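Below: one structure, written as C-alpha cells.
Numbering (this note's numbering), first residue to last: 3 to 268.
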C-alpha cells in the first residue's frame, strides 16, 4: 500500500501552554474516521516543524518567523510575573514592570515575549527553558515574567503569579504551510473558528437532503381554494333558500287575499 492509499491522519503541533483539548474533542466528534495526532513542540521550533512537514498545522505563539506559513491569530494571553508566595509582589493584585526594577528577572532562552528590554536586573546566566526558570524562582534566585498559560503549566504550591499590566503579550495562532491548505486543514480551521458541522464551508458528515415544499404548498393552496369555494357555495345556497322562503310566504299571503269566496247556497 502506498502512502497515498493509507488512511489519513491529521497531525497538530502545539507549543507549551497552548491547550487544544476543546478543538480536539470537536474534531473527534465530527471526523471519527480521521485520527488527530498531537505533536508537542518547543515554541521556538514550531514554525520550523511546520515548514519541514512535521505536522499538518500547529498552534504556535506569535511573534515568530512566519516565512512560508499562513496564520490565523486566535487569542492574546495575559502576561504575569511568577513569584514566591511570600514575596512582596504577592500582596498586590497587579504590578507594572517598574515594580520589578529592583528584582532579578529571569529571561529564559525559550522566552516567547517580544521584549525591547526585559524588566528588572538580569541574572548572571539565562536559564535554558521556562521550566528551569520556574525552578530558580522557587529557589529564590529571581522572578519570571511569562504568558499566564505557562505559569499554570508549571504551577507549584510554593509559587503564585500576578498580572503585569504593561508587559508584551503572547498571541496564539493557528498556522500551516501556505501551499498546503488541505481539506483536513480547512476542517480544523472551521472548528477553531466555530463553524457548525453543516456550515457552507465545512463538509457535513451526511449530505443534506433538499426539502421539496412545493407539493405541500400547492396542496395547501388547493385546499384553501376548495374550502373558500365550498363556503361561497354554501353561502349562496343559504341566500337562495332564504329568498325562496320569503317568496313562498309572500306568494301565500297574496294568493290568500286573491282567492274567491265560496258561493252561498240559495
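From the three backbone atoms N, C-alpha and C, an ideal C-beta is built for every residue, glycine too. Predicted model only: the values in this text are computed from it and were never measured.
Point to revise | Runs of beta strand (DSSP E) lying entirely within the stretch 45 to 124, each at least 3 residues, in chain order | key: 59 to 64, 71 to 78 and 81 to 86
Review point. Helix, strand or coil for residue 172 per DSSP?
Key: For the purposes of this step, residue 172 is identified with residue 170 of the chain shown, where counting begins at 1. DSSP places residue 172 in coil when its eight states are reduced to three.
Review point. Ordered along the chain, which non-local residues of its own chain (more than five positions away) have a Cβ less than 7 Å from that of residue 152?
Key: Within the chain shown, the letter at position 150 stands for residue 152. Around residue 152: 18, 19 and 132.
Exercise for review: With distances taken Cα to Cα, identify the nearest neighbour of residue 72 among 176, 189 and 196.
Suggested key: Here residue 72 corresponds to residue number 70 of the chain shown, with the count starting at 1. Of 176, 189 and 196, the residue nearest in Cα terms is 176.
Practice item. Would you kindly report the start and end of the unbroken beta strand (DSSP E) that includes residue 165? Key: Along the chain shown, read from residue 1 onward, the residue named residue 165 stands at position 163. Residue 165 -> beta strand (DSSP E) spans 161 to 166.
Review point. What number of angstroms, rounded off, separates the C-alpha of residue 98 from the C-alpha of residue 167?
Key: By 1-based counting over the chain shown, the position of residue 98 is 96. By 1-based counting over the chain shown, the position of residue 167 is 165. Cα to Cα, residue 98 sits roughly 5 Å from residue 167.
Check your understanding: Could you check where the alpha helix (DSSP H) with residue 26 kicks off and where it finishes?
Key -> The sequence position of residue 26 within the chain shown is 24, counting from 1. 23 to 32 is the extent of the alpha helix (DSSP H) around residue 26.
Check your understanding: Can you tell which of 64, 142 and 136 has its C-alpha closest to the C-alpha of residue 117?
Key -> Along the chain shown, read from residue 1 onward, the residue named residue 117 stands at position 115. Nearest option by C-alpha distance: 64.
Check your understanding: Span of the alpha helix (DSSP H) holding residue 139?
Key -> Indexing the chain shown from 1 puts residue 139 at position 137. Segment 132 to 140, the alpha helix (DSSP H) holding residue 139.
Practice item. Grab me the residues of residue 89's own chain with a C-beta within less than 8 Å of its C-beta, minus the 5 sequence neighbours each way, in chain order. Key: The residue you call residue 89 lines up with position 87 of the chain shown. For residue 89, same chain residues with a beta-carbon under 8 Å away, outside a window of 5 residues either side, are 145 in chain order.
Exercise for review: Would you kindly work out how many angstroms separate the C-alpha atoms of residue 111 and residue 134, rounded to a whole number?
Suggested key: Taking the chain shown and counting its residues from 1, the one referred to as residue 111 is at position 109. Taking the chain shown and counting its residues from 1, the one referred to as residue 134 is at position 132. Going from the Cα of residue 111 to the Cα of residue 134 covers about 10 Å.
Review point. Does the Cβ of residue 79 have 16 or more other Cβ atoms within 10 Å, making it buried, or fewer, making it exposed?
Key: Working through the chain shown from its first residue, we reach residue 79 at position 77. Classification of residue 79: buried, given that the 10 Å Cβ count is 16 or more.
**Study point:** Inter-residue CB distance, residue 179 and residue 52 (contact presumed, cutoff 8 Å)
**Key:** Taking the chain shown and counting its residues from 1, one reaches residue 179 at position 177. Taking the chain shown and counting its residues from 1, one reaches residue 52 at position 50. Rounded, the Cβ-Cβ distance is 6 Å, consistent with contact.
Review point. Taking residue 2 as the reference, which of 75, 67 and 55 has the closest Cα?
Key: One cannot answer for residue 2 here, as it falls past the ends of the chain, which runs 3 to 268.
Check your understanding: Since residue 15 sits in a beta bridge, which residues does DSSP pair it with?
Key -> One-based indexing of the chain shown puts residue 15 at position 13. In the DSSP output, where bridge partners are listed per residue, residue 15 has 41 and 60.
Review point. Exposed or buried, what is residue 123 when buried is set at 16 or more other beta-carbons lying within 10 Å of its beta-carbon?
Key: On the chain shown, position 121 is the one that residue 123 refers to. The residue in question, residue 123, is exposed, as its Cβ has fewer than 16 Cβ neighbours within 10 Å.
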